[in-house]
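Protein chains: 2
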Amino acid sequence: MNPIQGSDKPEIILTGDRATGPLHLGHYVGSLKQRVTLQKVHEQTILVADMQGLTDNAHNPKKVSSNILNVVADYLAVGIDPSKTTICLQSQLPALAELTMYYSNLVTISRLERNPTVKSEIASKGFERSIPAGFLTYPISQAADITAFNASLVPVGGDQLPMLEQTNEIVRKVNSLAGRVVLRECKPLLSDAPRLPSTDGKNKMSKSMGNAINLGASEKEIRTAVKSMYTDPNHLRVEDPGEVAGNVVFTYLDAFHTDKAYVSRLKERYRHGGLGDGTTKKILETCLQDMIRPIRDRRNVFLSDKAQLIDVLVQGSQASREKTAEVLSNIKEIFGLNILCARSI
Amino acid sequence: MNPIQGSDKPEIILTGDRATGPLHLGHYVGSLKQRVTLQKVHEQTILVADMQGLTDNAHNPKKVSSNILNVVADYLAVGIDPSKTTICLQSQLPALAELTMYYSNLVTISRLERNPTVKSEIASKGFERSIPAGFLTYPISQAADITAFNASLVPVGGDQLPMLEQTNEIVRKVNSLAGRVVLRECKPLLSDAPRLPSTDGKNKMSKSMGNAINLGASEKEIRTAVKSMYTDPNHLRVEDPGEVAGNVVFTYLDAFHTDKAYVSRLKERYRHGGLGDGTTKKILETCLQDMIRPIRDRRNVFLSDKAQLIDVLVQGSQASREKTAEVLSNIKEIFGLNILCARSI
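Which chain is which? The protein sequence lines are A and B, in order.
147 is the number of the first residue of the first sequence in the working numbering; add one for each residue after it.
147 is the number of the first residue of the second sequence in the working numbering; add one for each residue after it.
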């Protein structure tokens with residue numbers, strides 16, 4: 147079965163992004179393109195994770211709040227269609243917080259501290275012991291998100307697999323407590339696109355590092371980013387043979403240029419010598435300008451009508467409120483806390 | 147100012163109990179009697195903490211669910227009046243879980259691990275590193291409870307003071323983030339009643355230890371409990387001088403007998419020799435039977451009409467939902483997450 151191309155039975159897909167910055171080409175290659183395809187055959191929900199975004203930005207909440215509508219505009223601009231994909235806002239779904247509370251009683255602190263993804267994030271953020279409680283426990287909150295939507299398939303990068311393991315552990319604990327299957331385990335959908343490197347070839351793409359090309363990047367920003375791109379540092383003269391592996395310009399050409407044969411010929415010339423970085427960068431720039439221009443234009447149109455973007459979130463959140471409340475009610479039933487449910491309060 | 151006797155300005159009081167067992171004489175002396183007085187002059191809310199009860203009972207949730215209505219019946223039986231005191235159920239107030247999520251981003255794991263109350267609880271429960279995340283973080287959830295009701299005064303035992311410190315730290319962080327006073331700090335109301343010892347004089351009272359006298363104890367249970375009570379182990383014959391300090395029978399007589407002069411004379415006789423433990427126990431038993439009988443009777447009447455008890459919780463939770471939702475909205479405003487609030491969803 148290939149979930150991307152569809153199967154007999156549509157999957158329930160939950161995916162999402164922390165709203166901590168506008169989306170960039172890494173998101174486009176790694177997940178957004180896939181979502182556009184998935185929405186055609188599956189039931190897809192995208193969660194704009196504003197609360198998760200706060201777990202390490204509580205002292206700078208504007209970083210989250212100012213990016214919520216940017217992220218929604220990014221979705222619409224790349225072709226995610228709110229009539230096919232439910233787009234909702236995490237902070238609008240109280241059931242997610244309540245589920246997180248219940249699940250928190252089923253997961254130990256030491257289990258959370260063993261999570262390799264969180265471990266490496268803690269190290270990279272320099273948190274050490276001053277890690278916020280909300281950050282250490284965010285895998286529980288993710289489990290709440292996934293189970294609240296009864297998701298069967300979760301698109302992830304390989305580094306996110308421990309999150310799904312954590313979710314499925316909680317699912318098994320809940321089902322064992324209930325003595326029946328109340329929640330279902332989810333499967334990962336690993337993207338086959340390799341992770342796009344940052345323009346400097348060194349770090350993870352991030353806005354603060356200035357090494358990412360956003361979907362809303364201006365013509366000038368694209369030009370500057372491509373010009374500063376990391377190539378082969380030993381390729382000093384045009385006539386020198388150059389290295390293609392690790393050369394960010396070629397990685398981007400592989401990812402974005404539609405004529406694969408042409409890129410293949412360029413690589414050969416580069417390896418043999420006689421192709422300058424200025425030329426390859428010019429080719430890449432044209433390619434990226436052509437690809438990003440219509441996305442940027444659509445994005446700007448969407449951003450010029452904030453009420454419409456809010457409406458997308460309102461509609462999606464309303465639909466998701468009902469779904470997630472139902473799962474919460476099942477969980478409260480297991481814990482015997484539906485005592486008042488016969489009476490509407 | 148003496149908050150018990152009233153002051154110019156009524157306080158907003160939040161108090162509550164984990165619903166993990168029926169309430170006993172320790173609760174009666176330590177808090178329930180005080181609440182009956184406080185409700186006359188202050189705005190008092192009692193939170194039945196079912197979700198907090200689960201933080202260390204998730205694998206035995208019946209311990210919580212089966213006790214919710216017992217606890218409400220205990221309240222009503224001792225004279226807590228739902229027309230004066232709001233009685234509500236924690237799991238019915240989603241704002242509490244949401245506030246907990248937001249506050250979790252403002253508290254570090256190491257701060258939680260330094261909490262002396264939680265530290266000693268972890269040790270006494272033998273959790274060590276397999277402590278559930280929900281248990282380590284329950285002081286954050288308590289801060290959510292207290293601030294959600296805008297409580298100014300929180301009745302606590304001395305061992306609970308670190309909880310209020312934790313709450314006030316969160317209050318200050320929130321206010322500093324907001325740049326204005328959004329939440330108010332709370333003050334502790336320390337009970338002047340000394341902690342009532344367990345009947346065996348050794349441990350904290352608990353149902354599982356069989357060393358507590360519940361408010362619903364039968365005549366026979368009271369008799370058995372008093373008979374087995376710890377006295378002076380060196381007071382072997384009636385004519386021997388006996389020790390009053392640490393003698394649980396006398397501690398209970400001090401706490402419950404209305405004729406203080408009579409108890410004083412009994413103590414003198416006991417100290418000089420000539421008063422047997424059988425006699426003091428008989429006196430205490432009569433006193434406790436007389437005191438508990440009407441409470442037990444009222445309790446049984448309340449428990450025979452579960453619909454009425456549920457109604458008390460429904461009414462109280464409905465009123466509290468609105469209040470706590472308002473505080474949540476203020477907190478979401480600070481984090482910039484009221485983006486959809488103009489639109490009702």
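Glycine included, every Cβ here is placed at the ideal spot set by N, Cα and C.
Computed from a predicted model, the values in this text were never measured in an experiment.
Selection from the options that minimises the alpha carbon distance to residue i
i	options	result
B:Lys478	B:Val328, B:Pro379, B:Gly392 and B:Pro228	B:Val328
B:Phe486	A:Lys427, A:Leu239, A:Ala243 and A:Val264	Here the sequence assigns Leu to residue 486 of chain B, which means Phe is not the residue at that position. Residue A:Leu239 is the option with its Cα nearest to B:Leu486.
B:Arg260	A:Glu259, A:Leu252, A:Ser276 and A:Arg257	A:Ser276
B:Leu299	B:Ser287, B:Gly272 and B:Thr313	B:Thr313
B:Val224	B:Pro168, B:Glu189 and B:Val187	B:Pro168
A:Phe481	B:Asp196, B:Asn321 and B:Ser250	B:Asp196
B:Glu157	B:Cys332, B:Ser322, B:Ser250 and B:Lys406	B:Cys332
A:Val217	A:Arg467, A:Arg164 and A:Arg326	A:Arg164
B:Glu389	B:Tyr408, B:Ser237, B:Ala407 and B:Leu412	B:Leu412
A:Thr166	A:Thr426, A:Lys186, A:Asn360 and A:Gln185	A:Asn360
B:Asn476	B:Leu193, B:Leu323, B:Leu336 and B:Lys230	B:Leu323
B:Leu430	B:Gln236, B:Ser352, B:Tyr376 and B:Pro301	B:Tyr376
B:Pro301	B:Ser177, B:Ala407, B:Lys452 and B:Ala269	B:Ser177
A:Asn251	B:Met309, B:Thr231, B:His205 and B:Ser211	B:His205
B:His188	B:Asn213, B:Thr231, B:Pro207 and B:Gly162	B:Thr231
B:His381	B:Ser352, B:Ala269, B:Gly419 and B:Gly303	B:Gly419
Nearest-angstrom Cβ-Cβ length linking residue i and residue j, presumed shorter than 8 angstroms
i	j	result
B:Met247	A:Gly280	7 angstroms
A:Ile255	A:Arg181	Rounded, the Cβ-Cβ distance is 34 angstroms, inconsistent with contact.
A:Ala290	A:Arg445	Contact doesn't hold; Cβ gap of about 31 angstroms is too wide.
B:Ile286	B:Val253	6 angstroms
A:Leu307	A:Pro334	6 angstroms
A:Leu449	A:Leu215	7 angstroms
A:Gly106	A:Leu336	The first residue shown for chain A is 147 and the last is 491, placing residue 106 of chain A beyond what the model contains.
C-alpha gap between residue i and residue j, whole angstroms
i	j	result
A:Thr370	B:Asn484	36 angstroms
A:Thr404	A:Ile438	14 angstroms
B:Lys155	B:Ser364	41 angstroms
A:Leu459	A:Glu414	48 angstroms
B:Asp386	B:Lys373	20 angstroms
A:Thr345	A:Asp423	14 angstroms
B:Arg417	B:Lys348	22 angstroms
A:Asp400	A:Tyr174	14 angstroms
A:Lys428	A:Pro278	45 angstroms
B:Tyr221	B:Phe295	20 angstroms
A:Leu245	A:Leu474	6 angstroms
A:Gly267	B:Glu315	Contrary to the premise, residue 267 of chain A reads as Glu rather than Gly in this sequence. Going by the C-alpha atoms only, they are around 26 angstroms apart.
B:Asn393	B:Pro379	9 angstroms
A:Pro228	B:Ala241	28 angstroms
A:Asp338	A:Phe402	15 angstroms
A:Glu367	B:Leu160	55 angstroms
B:Glu311	B:Ala465	28 angstroms
B:Glu468	B:Leu235	14 angstroms
B:Asn357	B:Thr191	29 angstroms
Beta carbon proximity, residue i to chain B, threshold 8 angstroms
i	result
A:Phe448	no
A:Ser208	It should be pointed out that residue 208 of chain A corresponds to Lys in this sequence rather than to Ser. Interface residue, yes.
A:Gln454	no
A:Ile491	Its pLDDT being 47, under 50, A:Ile491 is placed unreliably in this model, and the value from its coordinates should be taken loosely. Yes - at least one Cβ of chain B is within 8 angstroms of the one on A:Ile491.
A:Ser270	no
A:Ile233	no
A:Leu486	yes
A:Thr166	no
A:Leu323	yes
A:Glu114	What is shown of chain A runs 147 to 491, which leaves residue 114 of chain A out entirely.
A:Asp196	yes
Extent of the continuous alpha helix (DSSP H) run through residue i
i	result
B:Arg415	Lys406 to His418
Boundaries of the beta strand (DSSP E) in which residue i is found, first to last residue
i	result
B:Thr191	Glu189 to Ala195
B:Thr231	Thr231 to Leu235
A:Thr161	Ile158 to Arg164
A:Leu361	Note, A:Leu361: premise wrong, no beta strand (DSSP E); not H, not E.
A:Val300	Leu299 to Val302
CB contact check: residue i to chain A, cutoff 8 angstroms
i	result
B:Gly482	yes
B:Asn476	no
B:Glu479	no
B:Val253	yes
B:Leu460	For clarity, residue 460 of chain B is Val in the given sequence; the question names Leu instead. Judged by the 8 angstroms Cβ criterion, B:Val460 is in contact with chain A.
B:Thr169	Note that residue 169 of chain B is Leu in the sequence shown here, rather than Thr. It does not; no Cβ of chain A falls within 8 angstroms.
B:Thr201	yes
B:Ser238	It is worth fixing the name first, because residue 238 of chain B is Gln in this sequence and not Ser. So yes, B:Gln238 belongs to the interface.
B:Gly492	It is not possible to answer for residue 492 of chain B, since the shown part of chain B is limited to 147 through 491.
B:His173	no
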